[in-house]
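Participant: Dropping the structure in here first, questions after.
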Amino acid sequence: MGLNEIRTAMRVDRRKPAAEQPGVHNRWHPDIPACGSIKNGETVKIECLDWTGGQIKNNDSADDVRDVDLTHVHYLSGPFDVETAEPGDVLVVEIQDVQPFQDEPWGFSGIFAANNGGGFLSEFYPQAAKAIWDFEGIFCSSRHIPGVRFAGLIHPGILGCAPSAEVLAEWNRREGQLMAENVGSEVAKPPEVKNAHAGGATGELKAKIQKEGARTVPGRPENGGNCDIKNLSRGSKVYLPVHVKGAKFSVGDLHFSQGDGEISFCGAIEMAGIITVKLSVIKNAMVQMAMKSPIFIPGPVEPQFGPGRYLTFEGFSVDHHGKQHHLDATVAYRETCRRVIEYLRRFGYSDEQVYLLLSCAPVQGHIAGLVDIPNACTTMGVPMDIFRLRYSA
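Using this note's numbering, you'd call the opening residue of the sequence shown number 6 and step up by one each time.
Have a look at this one:
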């Protein structure tokens with residue numbers, strides 16, 4: 006190995022079912038065995054499956070999105086022991102590069118059916134839909150959403166360290182309490198034995214992890230996880246709290262591009278690929294940094310749309326029935342999204358095409374105001390230069 010060669014810490018086999026690969030897992034648990042070790046300060050390449058483990062195919066049917074088995078997801082690469090990391094430390098993850106596999110230059114976006122995952126606008130668009138995106142270097146385009154081309158802000162949707170047994174118990178306690186308070190509504194994803202993949206664990210340990218392991222669907226303050234932050238791109242640094250010896254770092258759910266909110270649930274341009282990261286440990290830094298949740302510094306690489314090139318839409322805490330809500334930013338952002346969809350219909354796009362586009366294109370969502378009762382105000386900025394067609398405001 007040359008002095009400057011970057012080691013590949015883990016490889017995946019895209020021809021093999023994800024559940025048969027010991028170097029990946031789809032639950033959070035402190036006892037999942039490490040699949041390898043990484044030195045403090047080392048830069049490594051890590052191969053990742055797409056988040057569904059290969060359930061979505063490059064074709065023109067949305068049946069695979071409709072029928073995705075969500076008990077399988079997310080398949081993460083890891084966990085990795087990071088040398089010298091101990092509880093109370095902070096793990097610094099410097100994202101140096103993210104790339105699709107050279108022989109798989111495509112990704113997908115999906116609207117999940119309301120009865121299987123759903124999305125932010127499921128009340129209006131309950132049926133599954135899909136768009137396949139072809140990659141051309143840093144750019145992407147889709148045969149399913151014609152007239153659009155843009156540079157991706159490539160990033161991992163998930164990175165995090167394993168919870169301790171105490172943290173895992175707290176997750177299950179508070180999410181269980183939420184479910185108990187909202188019987189009849191799906192407000193959280195409890196541990197699920199079905200299709201739980203515990204990495205290299207076997208026997209009684211595997212059964213324990215499958216019974217207790219936290220689902221990867223939500224991000225959580227103690228470890229980050231599935232935060233789907235589009236700005237964690239090349240050159241960014243993420244500071245993660247460490248709760249177990251070795252940190253047990255995992256990463257996956259790679260995205261070629263994503264809009265703020267990832268509103269269709271499978272809304273980013275999902276892909277399999279390779280991430281290059283440098284991992285460093287800051288000793289005893291959780292206390293020094295008063296860290297209760299991850300912190301990050303964005304990288305310098307972003308699509309170059311000037312501030313005057315975003316057509317920006319507003320939404321307020323008044324829902325589509327005309328009901329007034331009190332400072333509800335969720336209602337406001339939902340209405341913001343609906344204003345964009347209504348506007349882009351004018352140019353021949355279906356509502357589902359726009360819904361998919363707002364999920365994966367580099368749109369900017371913001372909370373503009375939260376203090377002027379009764380309305381919160383949110384905005385969505387759509388970069389006009391992603392469109393090849395002519396339009397006017």
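Glycine is no exception: its CB is placed at the ideal position from the N, C-alpha and C atoms.
Tell me the DSSP bridge mates of His160?
Facilitator: Per DSSP, His260.
Participant: Over the uninterrupted alpha helix (DSSP H) stretch that includes Asp74, give me the two end residues.
Facilitator: Element bounds for Asp74: n/a, residue is neither H nor E.
Participant: Per DSSP, which residues does Glu128 bridge with? Please list them.
Facilitator: Glu128 pairs with nothing; no bridge assigned.
Participant: Opposite Ile300 in the DSSP bridges: which residues?
Facilitator: Bridge partners of Ile300: Tyr244.
Participant: Which of helix, strand or coil does DSSP assign to Glu175?
Facilitator: Looking at Glu175 - three-state DSSP - the assignment turns out to be helix.
Participant: Out of Val336, Leu349 and Pro299, point me to the one whose CA is closest to Arg96's CA.
Facilitator: A small correction: the amino acid at residue 96 is Leu; Arg does not occupy that position in the sequence shown. If we check each option's Cα against that of Leu96, Pro299 comes out closest.
Participant: Taking a contact to mean a Cβ-Cβ separation below 8 Å, would you say Ile116 touches Tyr354 in this structure?
Facilitator: Taking 8 Å as the Cβ cut-off, Ile116 and Tyr354 do not qualify as a contacting pair.
Participant: With DSSP collapsed to three states, give me the class of Met6.
Facilitator: Per-residue confidence for Met6 stands at a pLDDT of 49, beneath the threshold of 50, marking its modelled position as unreliable; no derived number is given.
Participant: If we require 3 or more residues per run, which beta strand (DSSP E) segments fall completely within the segment 287-335?
Facilitator: You should have 300-302 and 315-321.
Participant: Could you pull the start and end residues of the beta strand (DSSP E) that Ala14 belongs to?
Facilitator: Note, Ala14: beta strand (DSSP E), Arg12 to Met15.
Participant: What does Met385 pair with, by DSSP beta-bridge criteria?
Facilitator: Beta-bridge pairing links Met385 to Phe318 and Gly370.
Participant: For a test of the three-state rule: what should DSSP assign to Leu349, helix, strand or coil?
Facilitator: Here Leu349 sits in helix by DSSP.
Participant: Pop quiz: Leu245 and Val98 are said to be a contact at Cβ under 8 Å. What is the actual Cβ separation, rounded to whole angstroms?
Facilitator: Going by Cβ atoms, the distance from Leu245 to Val98 rounds to 6 Å, so yes, they are a contact pair.
Participant: Entirely within the segment 84-148 and at least 4 residues each: give me those alpha helix (DSSP H) ranges in chain order.
Facilitator: Entirely contained in the segment 84-148, not one alpha helix (DSSP H) run reaches 4 residues.
Participant: Report the rounded CA-to-CA distance for Ile279 versus Val256, giving the unit in angstroms.
Facilitator: Their backbone Cα atoms lie some 10 Å apart in a straight line.
Participant: Round the Cβ separation of Val247 and Gly93 to the nearest angstrom and send it over; I've been treating them as touching at under 8 Å.
Facilitator: 7 Å between Cβ atoms; contact.
Participant: For Pro131, which residues from the same chain have a beta carbon less than 7 Å from its beta carbon, with the 5 sequence-adjacent residues on both sides left out?
Facilitator: The residues are Ala118 and Ala119.
Participant: Let me check understanding here. Comparing Cα to Cα, which of Phe254, Glu25, Phe155 and Val17 lies closest to Asp139?
Facilitator: The option with the nearest alpha carbon to Asp139 is Phe155.
Participant: Taking a contact to mean a Cβ-Cβ separation below 8 Å, would you say Thr317 touches Thr384 in this structure?
Facilitator: Cβ distance < 8 Å, so Thr317 and Thr384 count as in contact.
Participant: What first and last residue would you give for the alpha helix (DSSP H) that runs through Ile43?
Facilitator: Not the alpha helix (DSSP H): Ile43 falls in the beta strand (DSSP E), residues Gly41 to Ile43.
Participant: Pairing CB atoms from the segment 257-272 with CB atoms from the segment 234-244, are three or more of them under 8 Å?
Facilitator: At 8 Å Cβ cutoff, the stretches touch.
Participant: Over the uninterrupted beta strand (DSSP E) stretch that includes Cys232, give me the two end residues.
Facilitator: Premise fails: Cys232 is in no beta strand (DSSP E) and is neither H nor E.
Participant: Under the rule that 16 or more other beta-carbon atoms within 10 Å means buried, what is Pro312, buried or exposed?
Facilitator: Label assigned to Pro312: exposed.
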